[in-house]
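Using this note's numbering, the first residue of the sequence shown is number 1, and each one after it goes up by one. We put the CB at the ideal spot given by N, CA and C, even for glycine. On a predicted model such as this, the values are computed, not experimentally measured, just so you know. Right, one structure below, let's go through it.
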Amino acid sequence: MDEPREPTAQLSVHVDFDKLRAKLGNAVDRCVRLVSIGFRCSQQPTDEEVRMPGSGLLVSFSGAPAWSAGEARDHYTAWLFATGLRDVLEAFGTFLDECYDIASCTRLMRKHKEHGLLLGQDLLDHQADTLRYRRLGVEKKIQKLKKWFSMLPADVQASVLSINRARNIIAHYEGIVPETYLDGHGLFRITWRRLAMVAMGAQQREIQLRERLNAGEGLGLLAVSESREFHQGDRVHLEPIEFSGVCWTVFAAGDAVREALEKEWSQI
Numbered sequence: 001m002d003e004p005r006e007p008t009a010q011l012s013v014h015v016d017f018d019k020l021r022a023k024l025g026n027a028v029d030r031c032v033r034l035v036s037i038g039f040r041c042s043q044q045p046t047d048e049e050v051r052m053p054g055s056g057l058l059v060s061f062s063g064a065p066a067w068s069a070g071e072a073r074d075h076y077t078a079w080l081f082a083t084g085l086r087d088v089l090e091a092f093g094t095f096l097d098e099c100y101d102i103a104s105c106t107r108l109m110r111k112h113k114e115h116g117l118l119l120g121q122d123l124l125d126h127q128a129d130t131l132r133y134r135r136l137g138v139e140k141k142i143q144k145l146k147k148w149f150s151m152l153p154a155d156v157q158a159s160v161l162s163i164n165r166a167r168n169i170i171a172h173y174e175g176i177v178p179e180t181y182l183d184g185h186g187l188f189r190i191t192w193r194r195l196a197m198v199a200m201g202a203q204q205r206e207i208q209l210r211e212r213l214n215a216g217e218g219l220g221l222l223a224v225s226e227s228r229e230f231h232q233g234d235r236v237h238l239e240p241i242e243f244s245g246v247c248w249t250v251f252a253a254g255d256a257v258r259e260a261l262e263k264e265w266s267q268i
């Protein structure tokens, strides 16, 4: 008589790649919209001391003199850009957490196919590994997902890393470029790709929304590579259209990683 077999646990994993893409897209959209509102508000004139709405009071914790209209605008746009960059990279980091979780599950499934079973320790190791990953910064997260990032064009990889370094300068150096971030030419460079609307004709030219096309021209979209350079001691800052390009680059890079993961998942 056969001995009764010990019961085995069943592990079920469901991955929704469309939802993964949508979460990153929604988070990036949120950053772009909030920063767009903020930049529009920054163009409004400030002709009196800034007070917290509803308080009626002007409180100073330092005794520093009030800002002029120009100072208020400069301080606000610098803060707005820093906040937007932080938020979009935090959203990207959360997206990478989920990608790494999927990659880790892929390894478990391959081990199961190879050996016919998984041990409880395998699942504990998986949980501990994904928890450690969540504590890493964006650059180290990218390194651990290098297999999928290596599928991106070299300039896109470099752009994402330069955007993350810009965020580090803002977070740890008050936005002032330190010597340690300079390249061999004594510069710190942020690069990105911007999606531009172009008129296609005898000569290709970029156009703005609602701009009329000339006779014989067609309309197209083109990914344009752009950059901005800073010297040591400069304050990192981007114009609104440049920030939009940064966000598009982050989303496009994340979506390419998602696509590569989905392809590999379907082949298990």
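- The C-beta distance from residue 101 to residue 130 rounds to 5 Å, short enough to fall under 8 Å.
- If you draw a 10 Å sphere on the C-beta of residue 162, you find 16 or more other C-beta atoms in it, and that means buried.
- Distance from the Cα of residue 256 is smallest, within the candidate group 15, 13, 14, 25, for 25.
- With at least 16 other beta carbons inside 10 angstroms of its own, residue 258 counts as buried.
- By alpha-carbon distance to residue 146, the top candidate from 229, 261, 83, 109 is 261.
- Counting the other Cβ atoms within 10 Å of the Cβ of residue 193 gives 16 or more, which makes it buried.
- Per the DSSP secondary-structure output, residue 218 pairs in a beta bridge with 200.
- Taken through DSSP and simplified to helix, strand or coil, residue 148 comes out as helix.
- Linking residue 176 to residue 65 through their CA atoms gives a straight-line distance of about 23 Å.
- The way I'd put it, the stretch 232-240 does touch the stretch 165-176; three or more beta-carbon pairs between them come closer than 8 Å.
- Beta bridge pairing from DSSP links residue 191 with 227.
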